[in-house]
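To start, the structure under review is shown below, and the notes come after it.
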């Protein structure tokens, strides 16, 4: 990575608690990958061999039914991490990831990420916080399915999209 890498890493949630030396260590391990729009980063069922952090752009996390229907689990943008579940569980990928825009991402191999988890408690804390937030969101989605009608679920989904990806336009309007 470049000389600016430690500053870039510090701005990403997963690495925000690291000191300068730890940031430099991460920078030496991370590879930068750029992918054009509509590129599959990995497929559901692939071996989990790395963790990814979006630097710029957006990706979608998807599963596909046996009859080819795609279900979008999540849309992630700059600063967000993906691919961690398979690494932590030592299991195959549970979903596919496809770029929605041109994407720049950091890629850290399983071996290097294991080393970072063991030597940098700040990364472990941040990863636990990220996973906890995702679990809360999954719980919220299950509650919506159990307690809300279709109109309520749609309203909840649009609000979540506005919070996660919206841009304020003024006068109370948000573009999603």
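Numbering (my numbering), first residue to last: 580 to 755. Note that CB positions come from ideal geometry on N, CA and C, so glycine has one too.
Report all residues from its chain with a CB closer than 8 Å to the CB of residue i; omit the five preceding and five following residues, and keep chain order.
{"i": "residue 704", "result": "596"}
{"i": "residue 732", "result": "723 and 724"}
{"i": "residue 621", "result": "662, 672, 675 and 676"}
{"i": "residue 644", "result": "650"}
For residue i, which residues in the same chain have their Cβ closer than 7 Å to its Cβ, ignoring the five residues on either side in sequence?
{"i": "residue 671", "result": "624, 625, 626, 627 and 665"}
{"i": "residue 632", "result": "591, 593, 660, 684 and 685"}
{"i": "residue 688", "result": "628 and 629"}
I'd like the span of the beta strand (DSSP E) that includes residue i, first residue to last.
{"i": "residue 650", "result": "649-655"}
{"i": "residue 588", "result": "Where residue 588 is concerned, there is no enclosing beta strand (DSSP E), although the alpha helix (DSSP H) it sits in stretches over 584-589."}
In terms of alpha-carbon separation, which member of the options lies closest to residue i?
{"i": "residue 649", "options": "668, 676 and 657", "result": "676"}
{"i": "residue 602", "options": "585, 618, 613 and 652", "result": "585"}
{"i": "residue 679", "options": "640, 587, 667 and 713", "result": "640"}
{"i": "residue 694", "options": "616, 630 and 720", "result": "630"}
{"i": "residue 652", "options": "749, 746, 720 and 634", "result": "720"}
In whole angstroms, give me the CA-to-CA distance for residue i and residue j.
{"i": "residue 686", "j": "residue 590", "result": "16 Å"}
{"i": "residue 737", "j": "residue 669", "result": "34 Å"}
{"i": "residue 726", "j": "residue 739", "result": "17 Å"}
{"i": "residue 611", "j": "residue 605", "result": "12 Å"}
{"i": "residue 667", "j": "residue 691", "result": "13 Å"}
{"i": "residue 714", "j": "residue 619", "result": "25 Å"}
{"i": "residue 742", "j": "residue 646", "result": "32 Å"}
{"i": "residue 729", "j": "residue 698", "result": "47 Å"}
{"i": "residue 702", "j": "residue 598", "result": "11 Å"}
{"i": "residue 682", "j": "residue 607", "result": "21 Å"}
{"i": "residue 752", "j": "residue 707", "result": "34 Å"}
{"i": "residue 642", "j": "residue 718", "result": "19 Å"}
{"i": "residue 614", "j": "residue 750", "result": "36 Å"}
{"i": "residue 710", "j": "residue 696", "result": "15 Å"}
So does residue i have its beta carbon nearer than 8 Å to some heavy atom of the ligand FAD?
{"i": "residue 663", "result": "In the structure shown, the ligand FAD is absent, as is every other ligand, since no ligand is present at all."}
May I ask which residues mark the beginning and end of the alpha helix (DSSP H) holding residue i?
{"i": "residue 745", "result": "Looking at the DSSP string, residue 745 is not in any alpha helix (DSSP H), and its letter there is neither H nor E."}
Suppose contacts are defined by Cβ-Cβ distances below 9 Å. Is residue i in contact with residue j by that definition?
{"i": "residue 637", "j": "residue 656", "result": "yes"}
{"i": "residue 587", "j": "residue 654", "result": "no"}
Measuring only between beta-carbons, confirm whether residue i sits less than 9 Å from chain D.
{"i": "residue 600", "result": "Included in the structure is just one protein chain, with no chain D present."}
Between residue i and the rest of its own chain, which residues show a CB-CB distance below 6 Å, the 5 nearest in sequence each way excluded?
{"i": "residue 735", "result": "723"}
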